[in-house]
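To keep things clear, I will list the structure first and then write my remarks on it.
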Amino acid sequence: MDKVLSDKRVIALYVLPSLLLILAVVYVPIALTGYYGLNEWNGIGAMTFIGLDHYRALLQDRTFWDSAGHSLLLAVFSTASLVLYFIVALLLSAKLRGVNLFRKIYLIPMLLSSVAIAQLWLKVFHPSSGILNRLLESVGVANPPAWLAEPSLVLYALFVPILWQYAGFYILIYYAALVQIPSSLVEAAKIDGANAFQIARKIKLPLAMEVVKVTVVLAVVGSLKYFDLIYVMTDGGPNGASEVMASYMYRQAFKSYDFGYGSAIGFFLLVICLVVTWGIRKLTASKDKIEYS
Amino acid sequence: MFKKSGNILLLTLSLALALAGCGGGNGTAGDAAGNASGSGSGGSAEATASGGNESGSDKVEISFMHLWPEGISAGQNKIVNQIIEQYETEFPNVTIKPEVLENEQYKNKLKVLSASNQLPDVGVTWAAGFLQPYVEGGLFTPLDDLLGGELSGKFVNGTTEAYAIDGKTYGLPLEFNITPVYYNKAIFEKYSLAVPETYEQFKQVVAALADNGVAPIALGNKDRWTGSLWYMYLADRFAGQEALSNAIGGSGSFGDESLVKAAAEVQALVDAGAFVKGFNGLSNEEGKAEFLNGNAAMYMMGTWELPNFTTNEDIPKEFRDSVGFFKFPTADGGKGNIDSWVGGPGVGLFVAENSKVKDEAKAFVEYFVQKWGELSVTGAGVIPATKVDTSALQLPQLYVDLFNEMNRASSITLFADVQMPAAAAETHLNAIQSLFGKAVTPEQFSEEHDAAVSEAK
């Protein structure tokens with residue numbers, strides 16, 4: 001058996017199916033998308049090769065950069081909220097009474113599809129009958145804003161359900177990392193007189209750091225390509241105030257029938273994601289690894 | 001746990017996720033397009049299926065995609081099923097395979113299917129600007145021979161023309177719509193308001209309602225074409241039908257003084273609190289709900305909405321009985337005629353150019369259009385694009401009144417977003433939302449339009 005598994009040809013044979021699959025469904029479409037970006041194409045008729053014109057136009061497209069700014073803002077918010085998720089995970093991993101219930105509560109949004117979450121929050125944000133404005137009115141706010149119709153507010157209003165939606169996911173990851181930490185380390189620290197904050201800061205955070213790095217990448221890249229909830233809730237409006245890169249790509253390709261330009265945006269988005277991922281890896285690369293056995 | 005090997009594994013995993021994720025964002029685009037390049041030799045699954053049936057015996061399968069789901073358009077859905085059933089009984093060798101999608105999804109799917117050349121044999125399309133790329137891409141087949149046959153002279157004047165490009169007709173219209181302002185008689189009575197006949201009176205009605213804390217107009221402008229209707233009417237009444245049509249068609253300009261005035265009037269209405277709170281963040285369905293709940297006094301919408309005000313049992317009879325309509329009032333000094341409408345043919349049917357059962361599909365379309373004309377009046381309460389004798393039928397008064405208005409119309413301007421090519425329509429719709437949200441001035445609004453229309457030509 002060992003002999004078979006160390007045979008390079010056998011390894012190649014086993015890897016081949018999934019390799020082909022990945023090539024076909026991931027890398028080939030990516031390459032094609034890049035190529036379509038070089039063409040003037042409405043998605044139906046004939047393609048006209050125009051070289052880098054779309055990419056050049058993209059660099060000067062104010063709407064695109066606005067949407068990129070919105071995506072970036074979302075990425076900043078998501079990353080910042082990781083702190084909150086980590087604290088919640090810390091509390092959950094402590095053996096407190098009633099923690100079990102909260103573990104389940106935080107996971108619920110993960111079980112819902114984005115569209116269901118969007119419908120739910122549309123009801124919450126409804127300008128006249130929504131629960132949020134009803135609450136505000138009942139505590140004396142005379143004229144609460146129409147959250148999703150105010151260009152200056154809409155983006156922040158959308159961040160709430162988005163952050164809520166992913167809370168369970170990150171809390172779960174952190175929780176899993178934290179419960180892996182051997183209790184002997186924590187107990188030793190306790191005997192040495194460390195308080196809960198010191199334990200979290202000096203022991204738990206460093207030991208969970210590798211996981212934190214991964215979640216930062218996930219949060220940033222996830223934010224940059226975020227689409228579904230925004231599409232359902234505001235469709236990028238009003239006046240493009242909540243347009244993000246992915247929804248702008250969709251608008252160009254499917255609504256303006258500019259498939260070539262939409263593909264260029266998609267490809268550009270991929271490049272941005274890769275650069276950002278690489279950047280985060282570089283920034284967070286630690287020299288001294290903390291290990292325990 | 002986090003030894004080096006685990007480390008690398010995690011990071012590779014995250015990188016792979018990032019990559020896959022980024023790819024996922026445009027996966028549909030890439031996939032669909034990927035299919036397109038390969039479909040020349042492969043052919044579509046749909047076509048192969050029906051082709052296979054053909055070779056076996058005389059049995060024919062026609063795939064048919066439409067946009068009347070039971071939950072949203074109950075009346076229309078019932079009629080479609082009825083027609084299909086009848087057709088299959090009359091022609092036992094034919095099987096119709098329907099597929100139903102909701103409006104926006106339908107448009108998206110049609111787009112993807114056409115990119116991969118897998119259109120259904122028969123499907124639903126919109127007129128003019130929507131139709132254009134499909135025709136230019138050679139995806140729809142001309143249906144002129146059907147116009148000369150049994151359907152000759154059956155269509156209401158001006159309906160099939162909107163489906164013609166370069167002298168050939170690529171779709172047969174099913175519906176014909178005009179857009180009145182519906183109003184809640186009970187609310188008007190409560191505040192002793194009269195139906196406005198001039199724009200001045202209309203503004204007084206709006207002010208009176210707003211003063212009493214009633215939202216004057218239900219509007220869901222997240223969908224943007226809803227706001228476009230208001231601009232269209234103001235433009236028509238101030239500048240006249242011709243100036244508006246010319247501007248949309250590119251021979252005139254949106255910079256026309258009266259057209260700019262119309263855009264300014266939109267903002268004046270917003271300032272007067274004419275529209276429900278948060279209208280730019282509400283979908284048409286949500287906006288409509290404000291009217292159906294009796295929270296808003298007026299609602300402007302196409303006649304496809306009629307069943308909700310006449311026969312739809314899900315809506316309280318008390319409300320349905322209190323719905324009336326009026327024509328958009330004339331403006332003092334404006335060039336528009338009160339009998340000039342915004343509207344036009346609604347959806348129509350196309351037959352795919354590369355359908356394996358083209359002749360059978362055409363025969364089905366011919367049959368469908370005819371039956372639809374008869375059934376849509378009594379069954380769904382919508383106005384068909386074919387001529388119907390309504391004198392012998394027992395119909396709701398609201399329906400009859402609007403039907404008569406349509407026959408009296410001095411002109412009917414096709415919805416701007418349907419009339420314009422897709423890219424220009426998108427600019428128009430965005431500009432409408434900005435105009436309502438006061439993010440642009442009326443002058444900027446006009447300039448954006450002129451730029452988009454001239455670029456699209």
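Chains as they are written, first to last, in the working numbering: chain A, 1 to 293; chain B, 1 to 457.
Backbone N, C-alpha and C define an ideal beta-carbon position, used for all residues, glycine too.
| Asked | Found |
| --- | --- |
| With H, G and I counted as helix, E and B as strand and the rest as coil, what does DSSP make of B:F415? | coil |
| Taking 9 Å as the CB-CB cut-off, is A:W147 touching chain B? | yes |
| Using a Cβ-Cβ cutoff of 8 Å, what residues of the segment 353-373 of chain B are near chain A? List them in chain order. | none |
| I think B:E343 touches B:K288, with their Cβ atoms under 8 Å apart; what is that distance to the nearest whole Å? | The amino acid at residue 343 of chain B is misidentified as Glu; the sequence shows Gly. Actually they are not in contact, since the Cβ atoms of B:G343 and B:K288 sit about 18 Å apart, beyond 8 Å. |
| Taking A:P161 as part of the alpha helix (DSSP H), name the residues at either end of that continuous run. | V154 to Q180 |
| Leaving out five residues on either side along the sequence, give the residues of the same chain with a beta carbon under 6 Å from the beta carbon of B:I501. | Nothing can be reported for residue 501 of chain B: it is not among the residues displayed for chain B, which extend from 1 to 457. |
| What separation, rounded to the nearest whole angstrom, lies between the Cα atoms of B:N184 and B:Q105? | 32 Å |
| Report the three-state DSSP secondary structure of B:E102 (helix, strand or coil). | coil |
| Regarding A:V88 and the ligand MG, is the C-beta to nearest heavy atom distance less than 8 Å? | The model on display carries no ligand, and the ligand MG is accordingly not part of it. |
| Could you compute how far the alpha carbon of A:A219 sits from the alpha carbon of A:M110? | 15 Å |
| Which of the three DSSP states is assigned to B:H66 in this structure? | strand |
| Grouping DSSP H, G and I as helix and E and B as strand, with all else coil, what is B:K97? | strand |
| Starting from the Cα of B:K78, find the closest Cα among B:F155, B:V94, B:L375 and B:E99 and give me that residue. | B:L375 |
| Just the Cα atoms here: how many angstroms apart are A:L185 and A:W278? | 33 Å |
| Just to confirm before moving on: does the CB-CB distance between B:N404 and B:W304 stay below 9 Å? | no |
| Runs of 3 residues minimum, wholly inside the segment 169-204 of chain B: which ones carry the beta strand (DSSP E) assignment? | 176-178 and 181-184 |
| Among B:M406, B:L306 and B:I432, which one has its Cα closest to the Cα of B:E265? | B:I432 |
| Under a three-way DSSP split, which group does B:W225 fall into? | helix |
| Give the single residue among B:V440, B:A439 and B:H449 whose Cα lies nearest to the Cα of B:E426. | B:H449 |
| Check the Cβ-Cβ distances between A:I44 and every residue of chain B, and say whether any is below 9 Å. | yes |
| At what residues does the alpha helix (DSSP H) containing A:I199 begin and finish? | A196 to I199 |
| Between B:G138 and chain A, is any beta-carbon pair separated by less than 9 Å? | yes |
| Name the one or two DSSP bridge partners that B:I165 has. | B:K168 |
| Measure from the alpha carbon of B:A128 to the alpha carbon of each residue in B:T310, B:Y163, B:V400 and B:L174, then state which is nearest. | B:Y163 |
| Would you mind reading off the limits of the beta strand (DSSP E) that contains A:S114? | No beta strand (DSSP E) holds A:S114; the alpha helix (DSSP H) holding it covers S114 to F125. |
| Starting from A:T284, follow the alpha helix (DSSP H) in both directions and report where the run begins and ends. | F259 to T284 |
| Counting only beta-carbon separations shorter than 9 Å, does B:L131 have a partner in chain E? | This model lacks chain E altogether, as its protein chains are A and B. |
| Can you grab the Cα-Cα spacing for the pair B:E85 / B:P345, in whole Å? | 26 Å |
| Along the segment 231-243 of chain A, where does the CB come closer than 8 Å to a CB of chain B? Name the residues. | T234, D235, G237, P238, N239 and G240 |
| Assuming contact is defined by CB atoms lying nearer than 9 Å, are B:T386 and B:F64 in contact in what I supplied? | no |
| With three or more C-beta pairs closer than 8 Å as the rule, is the segment 229-247 of chain B touching the segment 411-420 of chain B? | yes |
| When the Cα of B:G324 is compared with those of B:S192, B:Y299 and B:M406, which residue comes out closest? | B:Y299 |
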